[in-house]
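J.: Going down the list, the protein sequences come from chains A and B.
Heads up: the first sequence begins at 56 in this note's numbering, then just goes up one per residue.
Heads up: the second sequence begins at 56 in this note's numbering, then just goes up one per residue.
Number of protein chains: 2
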Amino acid sequence: MIAIATISSELLHIVAIVIKSLLTKSMSINLSKAHNLAWRKFLTAHVLLIEQIEQDLAQADLPSLSWYDVLFVLSEAPEHKLRLHELAQAVLLTRSNLTRLVDRLEVAGLIRREQCSSDRRGAFAVITDEGHKMLDRMWVVYGQGIEQYFACHLNTTEVKFLIKILNRITSLTDN
Amino acid sequence: MIAIATISSELLHIVAIVIKSLLTKSMSINLSKAHNLAWRKFLTAHVLLIEQIEQDLAQADLPSLSWYDVLFVLSEAPEHKLRLHELAQAVLLTRSNLTRLVDRLEVAGLIRREQCSSDRRGAFAVITDEGHKMLDRMWVVYGQGIEQYFACHLNTTEVKFLIKILNRITSLTDN
DNA sequence: CTGAATCAGTTGCAGTTGCAATTAATTTGT
DNA sequence: ACAAATTAATTGCAACTGCAACTGATTCAG
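1) Once you ignore the five residues that flank E185 (chain A) on each side, which residues in its own chain have a CB closer than 6 angstroms to its CB?
2) Just to confirm before moving on: does the CB-CB distance between I201 (chain A) and H208 (chain B) stay below 8 angstroms?
3) Please confirm whether N152 (chain A) has its beta-carbon closer than 8 angstroms to some beta-carbon of chain B.
4) Identify every residue that forms a DSSP beta bridge with E169 (chain A).
5) What are the boundary residues of the alpha helix (DSSP H) that L137 (chain B) is part of?
6) For chain A, find out if any of its Cβ atoms is closer than 8 angstroms to the Cβ of T228 (chain B); answer yes or no.
7) Are at least three pairs of beta-carbons, each pair with one atom in the segment 143-158 of chain B and one in the segment 186-195 of chain B, less than 8 angstroms apart?
8) Using beta carbons (cut-off 8 angstroms, strictly below), is K136 (chain B) in contact with chain A?
9) Which runs of the alpha helix (DSSP H) at least 4 residues long sit entirely within the segment 87-138 of chain B? Give them in chain order.
10) Taking DSSP as the reference, what is the three-state secondary structure of S76 (chain B)?
11) Would a check of beta-carbon distances place A115 (chain A) closer than 8 angstroms to chain B?
12) Give the DSSP-derived three-state secondary structure of F205 (chain B) in the structure shown.
13) Can you check which of these residues, A:E213, A:W122 and A:T99, is closest to E109 (chain A) by C-alpha distance?
14) Are H187 (chain A) and H101 (chain B) close, meaning C-beta to C-beta below 8 angstroms?
15) Using 8 angstroms as the threshold, is the C-beta distance between N210 (chain B) and K96 (chain A) below it?
16) Who are the neighbours of E213 (chain A) on chain B, taking C-beta pairs under 7 angstroms?
17) Would you check if there are 3 or more beta carbon pairs closer than 8 angstroms linking the segment 133-140 of chain B to the segment 173-181 of chain A?
18) Select from B:Q144, B:S151, B:I182 and B:L148 the residue whose C-alpha is nearest the C-alpha of V162 (chain B).
19) Using a Cβ-Cβ distance under 8 angstroms, would T99 (chain A) count as near chain B?
20) Whose C-beta lies closer than 7 angstroms to the C-beta of R167 (chain A) among residues of the same chain, with five residues either side of it excluded?
21) Return the CA-CA distance between I218 (chain A) and L92 (chain B), expressed in angstroms with no decimal places.
22) DSSP on A145 (chain A), reduced to helix/strand/coil?
23) Taking the straight line between their C-alpha atoms, what separation do you get for L112 (chain A) and L147 (chain B)?
24) One question on the structure: do L120 (chain B) and L129 (chain B) come within less than 8 angstroms of each other, judged by their Cβ atoms?
25) Can you give the Cα-Cα distance for V196 (chain A) and A206 (chain B), rounded to whole angstroms?
26) Just curious, the alpha helix (DSSP H) that R158 (chain B) is in, first and last residue?
27) Using C-beta distances below 6 angstroms, list every residue in its chain close to Y204 (chain B), excluding the 5 sequence neighbours before and after it, in chain order.
28) Answer with buried or exposed for A115 (chain A), where buried requires no fewer than 16 other C-beta atoms within 10 angstroms of its C-beta.
29) Determine the chain A residues that contact V157 (chain B) at a beta-carbon separation under 7 angstroms, and present them in chain order.
30) Taking DSSP as the reference, what is the three-state secondary structure of D49 (chain A)?
31) DSSP state of N222 (chain B), grouped into three classes?
32) Is there a Cβ of chain A sitting closer than 8 angstroms to that of H140 (chain B), yes or no?
33) Helix, strand or coil for D191 (chain A), going by three-state DSSP, please let me know.
34) Measure the alpha-carbon distance for L139 (chain A) versus A145 (chain A) and round it to whole angstroms.
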């Protein structure tokens, strides 16, 4: 009985290893040529589009996309203001980077910091009138860029499809 | 007659302005909510996926994606080598950035520079054995990342569809 | 109530990027 | 054949990023 128990335990171990290796194998098999290609094209598309749009913005003497993101998020926020950590989360930046991005935007007069009364550590970023104007000026270029480099290639069906796919990808990444 | 000519010229001007404004309007109308949403999700997906994969690589004590790109492109190239400007083009980096990326990879022993005999200005980057090994080690993590954060969300039909869309976007961006 | 843990925001530092200028070699127009 | 233009790669500089450490305020456990 003891021998059998021992053997079965060893077997179990071996079976576990085999299963694991099979799973790993099947994973790399699932990662088909097509999936790989899609991934690469995804990366390429991103680089090219961003590069192009940044170039368009620079050519129009406008600041870069990250500035737009901050201004846009603030303009949509209640009272046009947001705590710095909320802002950081919204624009997907680390706190430290956001701090310095906010510094630059503040120097440029597009936003300003505001004390938080309920938490003396905290600060709000508030978009200024200048900031709103800049947002509009940037949107002329940015919106057109999105249209002519991205949107114009997608009809209504395709856009919906793409959104569905991207939703899946981004939501299930959170785990 | 002179008066009419003047008026018609003014009218022409006004008509031109109206047409222009209509075009602009229609452009921002074409850029539907859905297209905009898709664009934002596209950006978000990119950031999240890259962040996650970079983190996985760092956690495994492996270098970053840009190193992988260079090693991969070189490993696929004839004779495992490429001129620096070709490499730059392939991995979508500016020359100057590639120069320094190559510096780092060379210091790490993963690639080496080689004189170009036909053009004394030029240099090849050649992947070393160490480089190949690193490429393999990185692929274990990277490939799994692509699978679990990206590919697993796309069935065969969807992948093809996505590739089609991305092809359109990236090819027509070149103009 | 108080000390430990957590959280908001900032800062220092090392590493990376983009842009413009530089060096050296090759190609082109006359 | 040679000066001018172009090309390959590099370098200097300023700006930007990520990470870890720090300051000060708030929360939580006992």
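Every residue, glycine too, gets a C-beta built ideally from N, C-alpha and C.
What you are looking at is a predicted structure, and each value in this text was computed from that prediction instead of being measured.
T.: Taking the coordinates as given:
1) Working through the first sequence from its first residue, we reach residue 185 (chain A) at position 130. Close CB contacts of E185 (chain A) within its chain, under the 6 angstroms cut and outside five residues either way in sequence, are with G164 and L165 (chain order).
2) To locate residue 201 (chain A), count along the first sequence from 1; it is residue 146. To locate residue 208 (chain B), count along the second sequence from 1; it is residue 153. No; because the gap between Cβ atoms is not below 8 angstroms, this pair is not in contact.
3) Within the first sequence, numbered from 1, the residue matching residue 152 (chain A) stands at position 97. Chain B, which has no Cβ nearer than 8 angstroms to the Cβ of N152 (chain A), makes this no.
4) The residue labelled residue 169 (chain A) in the question sits at position 114 within the first sequence. For E169 (chain A), which the question treats as bridged, DSSP gives the partners A:F179.
5) For the purposes of this step, residue 137 (chain B) is identified with residue 82 of the second sequence, where counting begins at 1. Run containing L137 (chain B): none in the alpha helix (DSSP H); it sits in the beta strand (DSSP E), K136 to R138.
6) Indexing the second sequence from 1 puts residue 228 (chain B) at position 173. Here the model assigns T228 (chain B) a pLDDT of 47, short of 50, so the residue's position is not dependable, and the following value carries that caveat. It does; some Cβ of chain A falls within 8 angstroms.
7) Cβ pair count under 8 angstroms is below three, so no.
8) For the purposes of this step, residue 136 (chain B) is taken as residue 81 along the second sequence, with counting starting at 1. No - not a single Cβ of chain A is within 8 angstroms of the one on K136 (chain B).
9) 88-114 and 120-131
10) Here residue 76 (chain B) refers to the residue found at position 21 of the second sequence. Reliability of the predicted coordinates at S76 (chain B) is poor, the pLDDT of 46 falling under 50, and the value obtained from them is presented with this limitation in mind. S76 (chain B): helix per DSSP, three-state reduction.
11) Indexing the first sequence from 1 puts residue 115 (chain A) at position 60. A115 (chain A) does not count as touching chain B.
12) Translated into the one-based positions of the second sequence, residue 205 (chain B) becomes position 150. Correct three-state label for F205 (chain B): coil.
13) Sequence index remark: in the first sequence, residue 109 (chain A) carries index 54 (1-based). Per the Cα distances, A:W122.
14) Translated into the one-based positions of the first sequence, residue 187 (chain A) becomes position 132. Translated into the one-based positions of the second sequence, residue 101 (chain B) becomes position 46. Not closer than 8 angstroms, so no.
15) Numbered from its first residue, the second sequence carries residue 210 (chain B) at position 155. Numbered from its first residue, the first sequence carries residue 96 (chain A) at position 41. Contact flag unset, no.
16) For this step, residue 213 (chain A) is matched to residue 158 along the first sequence. Those within 7 angstroms of E213 (chain A) in chain B are I220.
17) no
18) Here the question's residue 162 (chain B) lines up with position 107 in the second sequence. Selected option, being the one with the closest Cα: B:I182.
19) On the first sequence, position 44 is the one that residue 99 (chain A) refers to. Yes, because at least one Cβ of chain B sits closer than 8 angstroms to the Cβ of T99 (chain A).
20) By 1-based counting over the first sequence, the position of residue 167 (chain A) is 112. Excluding sequence neighbours, R167 (chain A) sits near E161, V181 and T183.
21) Locating residue 218 (chain A) in the first sequence gives position 163, where the first residue counts as 1. Locating residue 92 (chain B) in the second sequence gives position 37, where the first residue counts as 1. Cα to Cα, the separation comes out at about 7 angstroms.
22) The residue you call residue 145 (chain A) lines up with position 90 of the first sequence. Helix.
23) On the first sequence, residue 112 (chain A) is found 57 positions in, with the first residue counted as 1. On the second sequence, residue 147 (chain B) is found 92 positions in, with the first residue counted as 1. Their Cα atoms are separated by approximately 20 angstroms.
24) Residue 120 (chain B) sits at position 65 when you count from the first residue of the second sequence. Residue 129 (chain B) sits at position 74 when you count from the first residue of the second sequence. Not closer than 8 angstroms, so no.
25) The residue you call residue 196 (chain A) lines up with position 141 of the first sequence. The residue you call residue 206 (chain B) lines up with position 151 of the second sequence. Those two C-alpha atoms are separated by around 33 angstroms.
26) As a position in the second sequence, residue 158 (chain B) is number 103, starting the count at 1. The sequence as given places Asp at residue 158 (chain B); Arg does not occur at that position. Its alpha helix (DSSP H) spans residues R150 to V162.
27) Walking along the second sequence from the start, residue 204 (chain B) turns up at place 149. Answer for Y204 (chain B): L104 and Q107, listed in chain order.
28) Numbered from its first residue, the first sequence carries residue 115 (chain A) at position 60. The residue is exposed, with fewer than 16 neighbouring Cβ atoms inside 10 Å.
29) Sequence index remark: in the second sequence, residue 157 (chain B) carries index 102 (1-based). Here the premise fails: no neighbours, minimum Cβ distance about 19 angstroms.
30) For chain A, the structure presents residues 56 to 230; residue 49 (chain A) sits outside this window and is missing.
31) Position 167 of the second sequence, counted from the start, is the residue given in the question as residue 222 (chain B). DSSP places N222 (chain B) in helix when its eight states are reduced to three.
32) For the purposes of this step, residue 140 (chain B) is taken as residue 85 along the second sequence, with counting starting at 1. Not one chain A Cβ lies under 8 angstroms of H140 (chain B).
33) To locate residue 191 (chain A), count along the first sequence from 1; it is residue 136. Helix, per DSSP.
34) Position 84 of the first sequence holds residue 139 (chain A). Position 90 of the first sequence holds residue 145 (chain A). If I take the Cα positions, the gap works out to 10 angstroms.
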